[in-house]
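Novice: Chains as they are written, first to last, in numbering that gives the first Met the number 0: chain A, 0 to 181; chain B, 0 to 181.
Below is one structure. I have some questions about it.
2 protein chains.
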Amino acid sequence: MRADAQRNRDRIVEVARGFFRAKGFDAVSMDEVAKGAGVGPGTLYRHFPTKESLYDAILESWAEKVNAAVDRALALDASARVRLLTWLTDYSAMLTEHKGAAARITAALGDPGSPFAAKCQTYLRANQRLIDGLDSALRPGVEAMQISRLVGGVAAVVDTSELPADSVAPMLAIVADGLLAP
Amino acid sequence: MRADAQRNRDRIVEVARGFFRAKGFDAVSMDEVAKGAGVGPGTLYRHFPTKESLYDAILESWAEKVNAAVDRALALDASARVRLLTWLTDYSAMLTEHKGAAARITAALGDPGSPFAAKCQTYLRANQRLIDGLDSALRPGVEAMQISRLVGGVAAVVDTSELPADSVAPMLAIVADGLLAP
DNA sequence: AACTATACGGAGATACTCTCCGTTTAGCAA
DNA sequence: TTGCTAAACGGAGAGTATCTCCGTATAGTT
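Following this line, the structure appears as structure tokens:
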């Protein structure tokens, strides 16, 4: 990649991250990002063919954060319930970090063609590691995809309804108790 | 209302119901509805100032169906778990009847200004009746709003991911077990 | 039959994603 | 330094949404 192209790409990602964090996915237009980065719309679309692929680029660093969170939860010296709830809470918080993202990422969970496919794999693997780690404490037959969708659904509702962050706790508690072995 | 206006309104609702059912909320444009009903866009917007208010008009008959479903579930001669699961399944099915509706209705649950406010009240009251009916079988402190959001979230994920209908069952089972008293 | 309040409907304002293509420039080679 | 070419740029605009304005037509009444 040519040096000017790399510079523009970096600046676009940086500007877009700020905009998305401040206003949410839907409320940010591509023209706005282009203008903010000092490039034309054509340049923006050369680097990121869709708005979602731009968003995907912003989430690059999430993979590490997700893996760190599941490690931290599993390593806790606490009951399975507390460890599970810790992870679900962190996971949900990461999903709602950018407004509008939770619903999109969760909807892409089963779609290998989505621009978010790599992120979804990361989430699924994290939940699989949780299942392996908590082992027999969970109800038999529970799948990583189910956990991902359940928590993604709750996070999406909290996000789109613009609820206070603490309203997610009782709902995650219900999900966690449902996930634990009877 | 003048007779011609009433006729147009009825025809718009009828045409729109068919379109929404066939293609889902997002994939139907207002121009398309207007054309299908043989009126101009101006006429359509005179009757329904937003696309969501048009959608709300289509859901008129849902209130009865929701109440009938919760009655039916509560009247079952079965365990609290089965009755709860029956209701959650019916409720989820009603939410996903039109593609794109579950997420919108669920997002509007806490917003009195939404065009869906009346429908949301119906849902909330139905879940409250469920809580009253199942009484001590449920975990203490659970609220109708929480059930509505949990099931709405699951339904929205299933809807937007276009999953097969039976994939909702294991997730609702987890939610149901989480809702039952420990 | 005339009158008026109401309804109609289409052109168009606005906003958005995304594309096409003529112009400019970075990086390299002689 | 100069010239060349592949790559990148950027803006006009295509296409598609929702929703509005306002001149025209008509239903229902006097």
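Idealized CB from N, CA, C, for every residue including glycine.
Name the chain A residues that come within less than 9 Å of residue 108/B, Cβ to Cβ?
Specialist: Residue 108/B sits at position 109 when you count from the first residue of the second sequence. Near residue 108/B (Cβ distances below 9 Å), the residues of chain A are 156, 160.
Novice: Could you tell me whether the stretch 149-167 of chain B touches the stretch 105-123 of chain A, using the rule of 3 or more Cβ pairs below 8 Å?
Specialist: Because the criterion of three Cβ pairs below 8 Å is met, the stretch 149-167 of chain B and the stretch 105-123 of chain A touch.
Novice: Can you tell me the Cα-Cα spacing of residue 15/A and residue 8/A, whole angstroms?
Specialist: Residue mapping note: residue 15/A aligns to position 16 of the first sequence, counting from 1. Residue mapping note: residue 8/A aligns to position 9 of the first sequence, counting from 1. Straight-line Cα distance between these residues: approximately 11 Å.
Novice: Anything in the stretch 104-133 of chain B with a Cβ closer than 7 Å to a Cβ of chain A? List those residues in chain order, please.
Specialist: Flagged, chain order: 105, 106, 108, 109.
Novice: Taking one C-beta from the stretch 135-151 of chain B and one from the stretch 161-175 of chain A each time, how about it: are there three or more such pairs within less than 8 Å?
Specialist: Touching, yes, given that three or more Cβ pairs across the two stretches are closer than 8 Å.
Novice: Give the residues of chain B in contact with residue 152/A, contact being defined as C-beta atoms less than 7 Å apart.
Specialist: For the purposes of this step, residue 152/A is taken as the residue at position 153 of the first sequence. In chain order: 152, 153, 155, 156.
Novice: Nearest CA to the CA of residue 136/B: which residue from 32/B, 112/B, 177/B, 51/B?
Specialist: Working through the second sequence from its first residue, we reach residue 136/B at position 137. Among 32/B, 112/B, 177/B, 51/B, the Cα nearest to that of residue 136/B is on 177/B.
Novice: Within 10 Å of its beta-carbon, does residue 111/A have 16 or more other beta-carbons around it, so buried, or fewer, so exposed?
Specialist: Within the first sequence, numbered from 1, the residue matching residue 111/A stands at position 112. By the 10 Å Cβ count, residue 111/A comes out exposed.
Novice: Whole angstroms is fine: what's the gap from residue 62/B's alpha carbon to residue 34/A's?
Specialist: Start at 1 with the first residue of the second sequence, and residue 62/B comes out as number 63. Start at 1 with the first residue of the first sequence, and residue 34/A comes out as number 35. Cα to Cα, residue 62/B sits roughly 47 Å from residue 34/A.
Novice: Return the Cβ separation of residue 58/A and residue 118/A in integer angstroms, given the expectation that the two are a contact with Cβ distance under 8 Å.
Specialist: Residue mapping note: residue 58/A aligns to position 59 of the first sequence, counting from 1. Residue mapping note: residue 118/A aligns to position 119 of the first sequence, counting from 1. With 8 Å as the limit, residue 58/A and residue 118/A qualify as a contact, their Cβ atoms being about 6 Å apart.
Novice: Quick check on residue 179/B: does DSSP put it in helix, strand or coil?
Specialist: As a working mapping, residue 179/B is identified with position 180 in the second sequence. Residue 179/B: strand per DSSP, three-state reduction.
Novice: To the nearest angstrom, report how far apart residue 125/B and residue 145/B are at their CA atoms.
Specialist: Indexing the second sequence from 1 puts residue 125/B at position 126. Indexing the second sequence from 1 puts residue 145/B at position 146. Spanning the two alpha carbons is a distance of roughly 13 Å.
Novice: Measure from the alpha carbon of residue 69/B to the alpha carbon of each residue in 160/B, 78/B, 49/B, 90/B, then state which is nearest.
Specialist: Reading the second sequence from its first residue, position 70 is the one you call residue 69/B. The residue with the shortest Cα to Cα distance from residue 69/B is 90/B.
Novice: With residue 24/B as the anchor, note down where its alpha helix (DSSP H) starts and where it stops.
Specialist: Stepping through the second sequence from its first residue, residue 24/B is reached at position 25. No alpha helix (DSSP H) holds residue 24/B; DSSP gives it neither H nor E.
Novice: Would you identify the three-state DSSP class for residue 75/A, choosing helix, strand or coil?
Specialist: The residue given as residue 75/A occupies position 76 in the first sequence. If DSSP states are grouped into helix, strand and coil, residue 75/A belongs with coil.
Novice: For the stretch 29-100 of chain B, which segments carrying the alpha helix (DSSP H) assignment without a break, of at least 4 residues, lie completely within its bounds, in sequence order?
Specialist: Runs of the alpha helix (DSSP H) inside the stretch 29-100 of chain B: 29-36, 40-46, 50-57, 61-74, 79-94.
Novice: Quick one: what's residue 137/B bridged to in DSSP?
Specialist: Stepping through the second sequence from its first residue, residue 137/B is reached at position 138. DSSP, once it has assigned bridges, lists 179/B as partnering residue 137/B.
Novice: When burial is assigned at 16 or more other CB atoms within 10 Å of the CB, is residue 0/A buried or exposed?
Specialist: The residue labelled residue 0/A in the question sits at position 1 within the first sequence. It counts as exposed.
Novice: What residue range does the alpha helix (DSSP H) around residue 158/A cover?
Specialist: For the purposes of this step, residue 158/A is identified with residue 159 of the first sequence, where counting begins at 1. Element bounds for residue 158/A: 143-159.
Novice: Listing by chain order, which chain A residues have their CB less than 8 Å from the CB of residue 102/B?
Specialist: Here residue 102/B is taken as the residue at index 103 of the second sequence, counted from 1. Within chain A, the residues near residue 102/B are 102, 155, 159.
Novice: For residue 80/A, collect the residues of the same chain with a Cβ closer than 7 Å to its Cβ; drop the 5 residues on either side in sequence, then sort them by chain order.
Specialist: Within the first sequence, numbered from 1, the residue matching residue 80/A stands at position 81. So the qualifying residues of the chain are 175, 179.
Novice: If you check the beta carbons only, do residue 47/A and residue 99/A fall under 8 Å apart?
Specialist: Along the first sequence, one-based indexing puts residue 47/A at 48. Along the first sequence, one-based indexing puts residue 99/A at 100. It is not a contact, given that the beta carbons lie outside the stated cut-off.
Novice: Residue 87/A to residue 147/A, Cα distance in whole Å?
Specialist: Counted from its first residue, the first sequence places residue 87/A at position 88. Counted from its first residue, the first sequence places residue 147/A at position 148. For residue 87/A and residue 147/A, the distance between alpha carbons rounds to 9 Å.
Novice: Here's the rule I'm using: 16 or more other beta-carbon atoms within 10 Å means buried, otherwise exposed. How should residue 55/A be labelled?
Specialist: On the first sequence, position 56 is the one that residue 55/A refers to. Buried, because 16 or more other Cβ atoms sit within 10 Å of the Cβ of residue 55/A.
Novice: Strictly under 8 Å for the Cβ-Cβ distance: is residue 40/A near chain B by that measure?
Specialist: In the first sequence, the residue the question calls residue 40/A occupies position 41. So, not an interface residue.
Novice: Classify residue 109/B as helix, strand or coil using the three-state DSSP reduction.
Specialist: Here residue 109/B refers to the residue found at position 110 of the second sequence. Residue 109/B falls in the coil class under three-state DSSP.
Novice: Assuming residue 82/A contacts residue 133/A (C-beta within less than 8 Å), just tell me the rounded distance between them.
Specialist: As a working note, residue 82/A is residue 83 in the first sequence. As a working note, residue 133/A is residue 134 in the first sequence. Residue 82/A to residue 133/A, Cβ: 7 Å. Contact.
Novice: Given that residue 58/A touches chain B, what residues does it touch there, using C-beta distances under 7 Å?
Specialist: As a first step, residue 58/A is located in the first sequence; it is residue number 59 there, counting from the start. Going along chain B, no residue has its Cβ under 7 Å from residue 58/A, so there is no contact; the nearest lies around 19 Å.
Novice: Please report the Cβ distance between residue 149/B and residue 173/A, rounded to the nearest whole angstrom; I am assuming they are in contact, meaning their Cβ atoms lie under 8 Å.
Specialist: For the purposes of this step, residue 149/B is taken as the residue at position 150 of the second sequence. For the purposes of this step, residue 173/A is taken as the residue at position 174 of the first sequence. Going by Cβ atoms, the distance from residue 149/B to residue 173/A rounds to 6 Å, so yes, they are a contact pair.
Novice: Pull up the distance between the alpha-carbon of residue 101/A and that of residue 27/A, whole angstroms please.
Specialist: By 1-based counting over the first sequence, the position of residue 101/A is 102. By 1-based counting over the first sequence, the position of residue 27/A is 28. If I take the Cα positions, the gap works out to 16 Å.
Novice: Please determine, among 22/A, 30/A, 36/A, the residue with the shortest C-alpha to C-alpha distance to residue 3/A.
Specialist: The sequence position of residue 3/A within the first sequence is 4, counting from 1. The option with the nearest alpha carbon to residue 3/A is 36/A.
Novice: Taking residue 83/A as the query, report the chain B residues whose CB atoms sit under 8 Å from its CB, ordered along the chain.
Specialist: As a position in the first sequence, residue 83/A is number 84, starting the count at 1. Near residue 83/A there are no residues of chain B at all, since even the closest Cβ is about 11 Å away, more than 8 Å.
Novice: Quick one: which chain A residues come within Cβ less than 8 Å of residue 176/B?
Specialist: Here the question's residue 176/B lines up with position 177 in the second sequence. Those within 8 Å of residue 176/B in chain A are 138, 176, 177, 181.
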